[in-house]
Structure formats: structure tokens, C-alpha cells
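Residue numbers (full-length UniProt numbering), protein chains in the order written: chain U, 1 to 179; chain W, 1 to 179.
All remarks here apply to the structure that follows.
Protein chains: 2
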Amino acid sequence: MAERSDAARNRALIIEAARELITEPGELKLSAVAKRAGLGQGTLYRHFATREELVRALYDREIDELVALADRLLGEHSPDEALRRWFTHLAAYARVKFGVIAAVEASVWHDIGAQTPGKLGEALTALLTAGRADGVLRDDVDSRDVILLSWFLAHVEEEEWAERTPRLLAVLLDGLTTR
Amino acid sequence: MAERSDAARNRALIIEAARELITEPGELKLSAVAKRAGLGQGTLYRHFATREELVRALYDREIDELVALADRLLGEHSPDEALRRWFTHLAAYARVKFGVIAAVEASVWHDIGAQTPGKLGEALTALLTAGRADGVLRDDVDSRDVILLSWFLAHVEEEEWAERTPRLLAVLLDGLTTR
DNA sequence: ACCTGAACACCGTTCAAGT
DNA sequence: ACCTGAACACCGTTCAAGT
Chain U
1 MAERSDAARN
11 RALIIEAARE
21 LITEPGELKL
31 SAVAKRAGLG
41 QGTLYRHFAT
51 REELVRALYD
61 REIDELVALA
71 DRLLGEHSPD
81 EALRRWFTHL
91 AAYARVKFGV
101 IAAVEASVWH
111 DIGAQTPGKL
121 GEALTALLTA
131 GRADGVLRDD
141 VDSRDVILLS
151 WFLAHVEEEE
161 WAERTPRLLA
171 VLLDGLTTR
Chain W
1 MAERSDAARN
11 RALIIEAARE
21 LITEPGELKL
31 SAVAKRAGLG
41 QGTLYRHFAT
51 REELVRALYD
61 REIDELVALA
71 DRLLGEHSPD
81 EALRRWFTHL
91 AAYARVKFGV
101 IAAVEASVWH
111 DIGAQTPGKL
121 GEALTALLTA
131 GRADGVLRDD
141 VDSRDVILLS
151 WFLAHVEEEE
161 WAERTPRLLA
171 VLLDGLTTR
């Protein structure tokens, strides 16, 4: 069953409008999203039955990019260097995307973590497996452990980011490394 | 200016009602809090002008207890043992309190972290200073670093808590320790 | 001074009518 | 099939009247 072209276009308009509005202070009002997209309230509701569905659509794309990056880094670098670089990119994504998005909806904080068994979890598992095979990583941590430990990224403030994040990532990587 | 006794009593009733309701699934409805407390809507609003003020009142007490604990542990144990034990208690508090409370209000996630320069930050600084003096801790991390790294605690699920948290705390402490 | 609770305002959700 | 937007419902906030 192919999607009608106007439906597909409207879906894109909604996501675009939400992407713009979510960076603004205050809540993300669904009525404002519909208005900015130039659509009726009911149309928004047809595409995204809850606010959570809409917010999830916003960050799904970012997760796909992180997954693709893990594959590429593993092909180009040693396991520990790949993990180190991937963390740095994760940090950059978290700063811009997850922080802003999740500030809108408390339940999303929960769901990003719960989603780990998906593609993101597999990508991270690949990184960890390579590192363990090399003997540089603890052998008792899994991908969910690492996702959990990375939550701090969502709470670092803009103005302290540059000074604090490299050190925090170093502490975390140190803790994951075998002595 | 002393508080009128009925006002003090009502304030306590509100906090008590909110404490009970916040553990239930779904949002914390202010109207439900007023109803359970047996008070009018306006009375709730007089005491707590925003939902955030109410939620903050709920976890302020918990923070006080953590602060007192840090002092006591430093008097009774070696610096690294004190830090280790304090982390374990922090984990227990985070599990029961912060996770439930912050799930209700996204902005609270933000504010718990921003509050670090307060009493909690001082208590943690005392722990870190003692550890550094002993030469067991990295000398470039501060109390806010540790608070940020502890955020994972709020995202561990009930059923995985026992298996995962000890390992995650070990990774974190390992990262904070000098090699 | 503080409390009450009905009235108001805001915004998410629904649905009858239109294309 | 999908879209529109007015109507509805829910809940946070306010305020005139009461104690």
C-alpha cells in the first residue's frame, strides 16, 4: 500500500516544523507545530498519534547516522581508536540533538535508553567486541552499560562543554579499559 | 514573620500527598495532589507557584541526607573507602527518589545538575579532596564532573539494577582512580 | 493572613464535513 | 484516503468571597 504523495509531503512538513520549533525555549506545542507546517491539527494527529511518536521521529535519524559511523570507524582504525572516536561523535550528537529533544519530554529520556537493544546497541556491541578481542577493554561490560554511562552527555551545559567533556570522556574510557 | 500554623500544616499535607502520588504511573496532576491533601487548588498554588517548586521540595530533603552522610563517612573511613561507600548510597537514593521524581518533569533533570554548586557539591568536594590528598584520585576532576558521570543512575531499570549497578559504579570509580 | 472552589485559559484530542 | 478546523475535554492558574 503506497503512501499518498500529499501524506508523505505533510509528514515531512511536520517533522521539519517540529525540528525548528524544538530548539526554541519552552515546550514544544503540537498546535504550534501544525500551524508552522501549515496543516490542520487533525493531520498532525493522523501522522503522530502522541507527542512521543513525533519526538522519536526527530531523533531516529540521528541514531541511524551513529550506527553507520561505527561500522566505518571499525574498518578504518584500531579497535580502541575506533571506540575513542565514536565516543567523540556520540558526544557531539548528544549535545545538539538528544539534550534539546529530551528536554521537551521526560518519557523520552527513558525511551532512548530502552531502545538500546536496537541498531545502536548492535553498533556499540561491534565496537566493544573488537576492543575485547584486542585485550584493551574490560570483558564484563555490554553495550547497555556504555549507553547508561554516556547519559552524562545530555546534562553538560553549553558553556562548560568544551572544558569538561573531553575530561569526562577520558574518565569513562579509562574506566572501560583494562589495567 | 512566623508562619501561621495552618499554613505550615497545609504545606506538609501537600508534600505528603505529592510524595504518595509521584510514585504512581503517569503524570503528577496538581489537581490530584490538592484533592488528596484535602485542600483547595488555590492553596496548593499559594505554597508552590509552579510544579517545579513542588518537585524540588520533594528531593531537597534527600539531598540533605546525602550531604550529612558524606561528613560522617569521611570521619569513619579512609578517603577512597569513603568515596566508594558514598557512591553506593548515592546509587540507592537515585534509584528510589530521583528517578521517580525526575520522570515527571523534564526541567528537573536539568536543575538537579545545576544545583551541584550547593551543599551536595561541597560534600562531594570534601570527598574528592581527601582522596586526592591520599594520591588515589585523579587531580583534574571536580564535584560537578562526578555528579555528571553519576547521571546513569537515573536510567537504570528496576529489574537490571542489582546486576548492572555494581559494575557501572566500579567502572566509574576505576576511571576516577589514578593508575 | 490564609483558604476555598468555581471560573477561566490553554492546549491536546476528536470528529463531522469537505476534497 | 486524506485533510481541515471547529468543538470538546482536561488540567493548570486565577480570583472573588469566606473564615
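A virtual CB, placed ideally from N, CA and C, is assigned to each residue, including glycine.
Treat the numbers as computed from the prediction; the structure is a model and nothing was measured.
Specify the secondary structure class of T177(U) as computed by DSSP and reduced to three states.
The count along the first sequence starts at 1 and reaches residue 177(U) at position 177. T177(U) falls in the strand class under three-state DSSP.
CB contact below 7 Å: V96(U) versus chain W
Mapped onto the first sequence, residue 96(U) falls at position 96. No, V96(U) lies away from the interface with chain W (no Cβ there is under 7 Å from its Cβ).
By the 10 Å Cβ neighbour count, where 16 or more other Cβ atoms means buried, how is Y59(U) classified, buried or exposed?
As a position in the first sequence, residue 59(U) is number 59, starting the count at 1. By the 10 Å Cβ count, Y59(U) comes out buried.
Contact set for L69(W): own chain, Cβ-Cβ below 6 Å, skip 5 residues either direction:
Along the second sequence, read from residue 1 onward, the residue named residue 69(W) stands at position 69. Here the set comprises H89.
What is the residue span of the alpha helix (DSSP H) that V55(U) lies within?
Locating residue 55(U) in the first sequence gives position 55, counting from the first residue. Per DSSP, the continuous alpha helix (DSSP H) segment holding V55(U) begins and ends at 51-76.
For the stretch 120-129 of chain U against the stretch 116-131 of chain W, are there 3 or more C-beta pairs whose distance is under 8 Å?
no
What residues in the stretch 65-97 of chain U bring their beta carbon closer than 9 Å to a beta carbon of chain W?
none
Suppose the cutoff is 7 Å on Cβ atoms and the five residues either side in sequence are ignored; what does the same chain contact list for L30(W) look like?
Start at 1 with the first residue of the second sequence, and residue 30(W) comes out as number 30. Answer for L30(W): L44, R51, listed in chain order.
Alpha-carbon spacing of L21(W) relative to V33(W), whole angstroms:
Numbered from 1 along the second sequence, position 21 holds the residue referred to as residue 21(W). Numbered from 1 along the second sequence, position 33 holds the residue referred to as residue 33(W). Using only the alpha carbons, I get a separation of about 7 Å.
Suppose the cutoff is 7 Å on Cβ atoms and the five residues either side in sequence are ignored; what does the same chain contact list for Y93(W) look like?
Taking the first residue of the second sequence as 1, we reach residue 93(W) at position 93. E62, L66.
Tell me which residues share the same chain as L120(W) and place their Cβ nearer than 7 Å to its Cβ, disregarding the 5 neighbours each side in the sequence.
Within the second sequence, residue 120(W) is the residue found at index 120, counting from 1. Correct list, in chain order: I63, L66, V67.
Would you list the residues sitting across from L137(W) in a DSSP beta bridge?
In the second sequence, counting from the first residue as 1, residue 137(W) sits at position 137. For L137(W), the pairing in a beta bridge is given by DSSP as T177(W).
Between which two residues does the alpha helix (DSSP H) harbouring K35(W) extend?
By one-based count along the second sequence, residue 35(W) stands at place 35. Its alpha helix (DSSP H) spans residues 30-37.
Among H155(U), D142(U), R46(U), which has the Cα closest to the Cα of A91(U)?
Working through the first sequence from its first residue, we reach residue 91(U) at position 91. For the residues H155(U), D142(U), R46(U), the minimum Cα distance to A91(U) belongs to H155(U).
Using only the alpha-carbon positions, how far apart do T177(U) and G135(U) sit?
Position 177 of the first sequence, counting from 1, holds the residue named residue 177(U). Position 135 of the first sequence, counting from 1, holds the residue named residue 135(U). The alpha-carbon atoms of T177(U) and G135(U) are separated by roughly 9 Å.
Since I101(W) and A57(W) are thought to touch, with beta carbons under 8 Å apart, how far apart are those beta carbons, to the nearest angstrom?
Taking the second sequence and counting its residues from 1, the one referred to as residue 101(W) is at position 101. Taking the second sequence and counting its residues from 1, the one referred to as residue 57(W) is at position 57. The pair is not a contact, with the Cβ atoms about 10 Å apart (cut-off 8 Å).
Leaving out five residues on either side along the sequence, give the residues of the same chain with a beta carbon under 6 Å from the beta carbon of L73(U).
As a first step, residue 73(U) must be located in the first sequence, where it is residue number 73. Shown here for L73(U): same chain residues with a beta carbon closer than 6 Å to its own, the five before and five after excluded, namely A82, R85, W86 in chain order.
Our contact map puts V171(U) next to L168(W) with C-beta atoms below 8 Å; I'd like the distance itself, whole angstroms only.
Taking the first residue of the first sequence as 1, we reach residue 171(U) at position 171. Taking the first residue of the second sequence as 1, we reach residue 168(W) at position 168. V171(U) to L168(W), Cβ: 13 Å. No contact.
For D139(U), which residues in chain W fall below 9 Å Cβ to Cβ?
Reading the first sequence from its first residue, position 139 is the one you call residue 139(U). Correct list: empty, because the minimum Cβ distance to chain W is about 11 Å.
So, for S78(U): in the same chain, excluding its five sequence neighbours on each side, which residues have a beta-carbon less than 8 Å away from its beta-carbon?
For this step, residue 78(U) is matched to residue 78 along the first sequence. Excluding residues within five positions, the ones whose Cβ falls inside 8 Å are D134.
Compare the C-beta of F152(W) with all C-beta atoms of chain U and state if any pair is closer than 7 Å.
Along the second sequence, one-based indexing puts residue 152(W) at 152. It does: the Cβ of F152(W) has a partner Cβ on chain U nearer than 7 Å.
Quick one: is G42(W) buried, meaning 16 or more other Cβ sit within 10 Å of its Cβ, or exposed?
On the second sequence, position 42 is the one that residue 42(W) refers to. G42(W) comes out exposed.
Closer than 6 Å by C-beta to L153(W): which residues in its own chain qualify, once you throw out the five before and the five after it? Chain order, please.
As a first step, residue 153(W) must be located in the second sequence, where it is residue number 153. Once the five neighbours on either side are set aside, the close Cβ partners of L153(W) are A91, A94.
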